[in-house]
Amino acid sequence: MNRAFLFFLGFMTLAACTRGPETQAPRILAGPMPGWSGHRQVEIWVMVEQGARPALSYRPAAGGAEATALPVAEEPGTLGTVLRYRPALLDPGTVYEGRLPGLEKPFRFQTQADWPYKTDPPAFSFIMGSCLYLNDPPYDRPGKPYGQGEGIFTHMARTGADFMLWLGDNTYLRPADWTSPAGIRYRFEWEKTHPDLQAFWPSMHHLATWDDHDFGPNDASKSYAFRDASTAEFRRHWANPPSGLPPEAGIMSTFVWGDCLFVLLDNRSNRDANGLDVKIHPGKTQLGTAQIEWLEQTLLEHKSAPFKFIVLGGQFLKDHNYESFKNYPADRIRLLGFLERHQIGGVVFLSGDRHFTELRRVERNGSYPLHELTSSPVGSGVAARALQEEKDDPQRMPGTLVDTQNFCKIEVTGPRLERVLVMRSIDKEGKERWSHELRAADLVVPGG
8 MNRAFLFFLG FMTLAACTRG PETQAPRILA GPMPGWSGHR QVEIWVMVEQ
58 GARPALSYRP AAGGAEATAL PVAEEPGTLG TVLRYRPALL DPGTVYEGRL
108 PGLEKPFRFQ TQADWPYKTD PPAFSFIMGS CLYLNDPPYD RPGKPYGQGE
158 GIFTHMARTG ADFMLWLGDN TYLRPADWTS PAGIRYRFEW EKTHPDLQAF
208 WPSMHHLATW DDHDFGPNDA SKSYAFRDAS TAEFRRHWAN PPSGLPPEAG
258 IMSTFVWGDC LFVLLDNRSN RDANGLDVKI HPGKTQLGTA QIEWLEQTLL
308 EHKSAPFKFI VLGGQFLKDH NYESFKNYPA DRIRLLGFLE RHQIGGVVFL
358 SGDRHFTELR RVERNGSYPL HELTSSPVGS GVAARALQEE KDDPQRMPGT
408 LVDTQNFCKI EVTGPRLERV LVMRSIDKEG KERWSHELRA ADLVVPGG
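Under the working numbering, the letters of the sequence shown match residues 8 to 455, in that order.
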């Protein structure tokens, strides 16, 4: 064998060894997770190993030219780096197939349909849930594990829903977490990278609000010392649309899907302490004046939406003994009065927190009844004490109480002037527990 050939062989071997680490696909730690969706742009969240910056390739799922997008934001953390992709100038009403190096199979995301003045609004569906506790023994309380397993996410991923609404307590900060920014970051990253969630993140779009356990300690209020740290981690780990308010106002956001309005409220950043005496402080608030004004303006701007979903971490309509709006009467009186004065139709409340699921119906004089669907828990324990105390609730619609791990699915269908929504509760085994239909035509203000 001549010396020139040996030199060439050695050179190629060295070059291959040198290129190996550079061409190795980066490790994906969590996601990809599609977030907000517009007509011509979406946001896609992913966590990768430190230092990686892979390009996202995508094309219409039905076929077409492939394009690429680089991350528009990089947010280093402890376990890895969060990357955000915002592929732009997409086609409205289109399902896309995305690929990332290191991802075993493509994932899908979608844009909003450009339907106004052209056709009926599209049918769509979403799922919702709250109270996800994943066991982490070194930091959990002793005794029986509070987390009840993660098998429910297999059923959630198979629903074919367009998106998931996370209703709060999506992450449970432990006592060892909430006393430092490092602890808060650990908990958010630990949960987002949990192996049992990785097939769920790419299966649909995700949008979220929070409650006390992903904000801070149990029943935490605006006085919580590390609220800035939990706010930063919430924003780092979700891909919500903006609210139009200054960042310090809170994590509230709003979006339209199809022809329906969704307003995700923040019940922590502006919240007065539960123990504040409302008789001495009649203006005691959960939401804060600025957020309530923003909500009112948003409802007015979207008054024609057939369904307006107001999303909270805790129940709004119910009087109970656990962080109830009964103890924050000014907020509830103001909002209900606003709905009546401005003849706002189609309002449906969606909430979490309670560790059981129920559908409530509250009658109003001279107007349509208000409904509130509470969906809980996805993965934590059930509130046996509260269930006993509230077993004879006259406002709970018969047959809608679910006292095991579950999630809810809502489907919106029908022509523009005949929109209908169907609510379903589905348990951790994938079994439907109940369903209920609401027609937009039945949620209008008489004479409005």
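Glycine included, C-beta positions come from ideal geometry on N, C-alpha and C.
Bear in mind the structure is a predicted one, so any value in this text is a computation, not a measurement.
Do GLN412 and LYS435 come within 8 Å of each other at the CB atom, strictly closer than that value?
Along the sequence shown, read from residue 1 onward, the residue named residue 435 stands at position 428. Along the sequence shown, read from residue 1 onward, the residue named residue 412 stands at position 405. Yes. Within cutoff.
I need the straight-line Cα distance from GLU196 to VAL427, nearest angstrom please.
In the sequence shown, the residue the question calls residue 196 occupies position 189. In the sequence shown, the residue the question calls residue 427 occupies position 420. About 38 Å.
Roughly how many whole angstroms lie between the Cα atoms of TRP441 and VAL409?
Against the sequence shown, residue 441 aligns to sequence position 434. Against the sequence shown, residue 409 aligns to sequence position 402. If you take the alpha carbons of TRP441 and VAL409, they lie about 9 Å apart.
Check the C-beta distance from PHE116 over to HIS212 and give it rounded, since I have them as a contact under 8 Å.
As a position in the sequence shown, residue 116 is number 109, starting the count at 1. As a position in the sequence shown, residue 212 is number 205, starting the count at 1. Between HIS212 and PHE116 the Cβ distance is about 7 Å, and since that is below 8 Å, they are a contact.
Might you give, ordered along the chain, the residues of its own chain that have their beta carbon closer than 8 Å to the beta carbon of MET404, omitting 5 neighbours on each side?
In the sequence shown, counting from the first residue as 1, residue 404 sits at position 397. So the list reads GLU365, LEU366, ARG367, ARG368 and HIS443, once near-sequence residues are dropped.
Do GLN298 and GLY257 have their CB atoms nearer than 8 Å?
Locating residue 298 in the sequence shown gives position 291, where the first residue counts as 1. Locating residue 257 in the sequence shown gives position 250, where the first residue counts as 1. Result yes, Cβ atoms of GLN298 and GLY257 sit closer than 8 Å.
Can you tell me whether HIS212 is helix, strand or coil according to DSSP?
The residue you call residue 212 lines up with position 205 of the sequence shown. In this structure, HIS212 counts as strand in the three-state DSSP scheme.
Only counting runs of 3 or more residues, tell me where the beta strand (DSSP E) segments fall wholly within the region 47-104, in order along the chain.
Counting only runs of 3 or more, we get 49-55, 63-67, 74-76, 80-83 and 88-92.
At the level of alpha carbons, what is the spacing between PRO248 and THR261?
Mapped onto the sequence shown, residue 248 falls at position 241. Mapped onto the sequence shown, residue 261 falls at position 254. Going from the Cα of PRO248 to the Cα of THR261 covers about 7 Å.
Do GLY167 and GLN119 have their C-beta atoms closer together than 8 Å?
Position 160 of the sequence shown, counted from the start, is the residue given in the question as residue 167. Position 112 of the sequence shown, counted from the start, is the residue given in the question as residue 119. No, they are not a contact pair.
Please work out which residues of its chain come closer than 8 Å, Cβ to Cβ, to LEU96, disregarding the five sequence neighbours upstream and downstream, and give them in chain order.
For the purposes of this step, residue 96 is taken as residue 89 along the sequence shown, with counting starting at 1. Counting only Cβ-Cβ distances below 8 Å, and skipping sequence neighbours, we find ARG47 and GLN48.
Assign PRO41 to one of two classes, buried (16 or more other C-beta atoms within 10 Å of its C-beta) or exposed (fewer than that).
To locate residue 41, count along the sequence shown from 1; it is residue 34. Flag for PRO41 reads buried.
Out of ASP221, ALA68 and LEU90, point me to the one whose CA is closest to LEU174's CA.
For the purposes of this step, residue 174 is identified with residue 167 of the sequence shown, where counting begins at 1. Taking only the C-alpha atoms, the option nearest LEU174 is ASP221.
What residue range does the alpha helix (DSSP H) around PHE332 cover?
As a working note, residue 332 is residue 325 in the sequence shown. No alpha helix (DSSP H) contains PHE332, which DSSP labels as neither H nor E.
Tell me, which residues are paired with MET135 by DSSP?
Working through the sequence shown from its first residue, we reach residue 135 at position 128. The partner list for MET135 (beta bridge, DSSP) reads LEU172 and CYS415.
Can you look up GLN31 in the DSSP assignment and give me helix, strand or coil?
Along the sequence shown, read from residue 1 onward, the residue named residue 31 stands at position 24. Coil.
In three-state terms, what does DSSP make of MET379?
For the purposes of this step, residue 379 is taken as the residue at position 372 of the sequence shown. Correcting the residue type first, residue 379 is Glu in the shown sequence and not Met. Residue state, collapsed to three classes: strand.
Flag this pair as yes or no: are the beta carbons of GLY87 and GLU56 separated by less than 8 Å?
Numbered from 1 along the sequence shown, position 80 holds the residue referred to as residue 87. Numbered from 1 along the sequence shown, position 49 holds the residue referred to as residue 56. Yes, they are a contact pair.
If we count Cβ pairs, one from each stretch, closer than 8 Å, do we get three or more for the region 273-291 versus the region 73-80?
In short, these stretches do not touch, since the Cβ pair count stays below three.
Tell me where the alpha helix (DSSP H) around GLU201 begins and ends.
One-based indexing of the sequence shown puts residue 201 at position 194. Before going on, a small fix: residue 201 reads as His here, not Glu. First-last for HIS201: undefined, no H or E at that position.
Report all residues from its chain with a CB closer than 6 Å to the CB of ALA130; omit the five preceding and five following residues, and keep chain order.
Within the sequence shown, the letter at position 123 stands for residue 130. Only THR420 meet the Cβ criterion.
Taking its Cβ as the centre, do 16 or more other Cβ atoms sit within 10 Å of PRO202, making it buried, or is it exposed?
Mapped onto the sequence shown, residue 202 falls at position 195. Per the 10 Å Cβ criterion, exposed.
Which same chain residues, not among the five before or five after LEU346, have their C-beta less than 7 Å away from its C-beta?
What you label residue 346 is simply residue 339 of the sequence shown in a count that begins at 1. Correct list, in chain order: VAL354.
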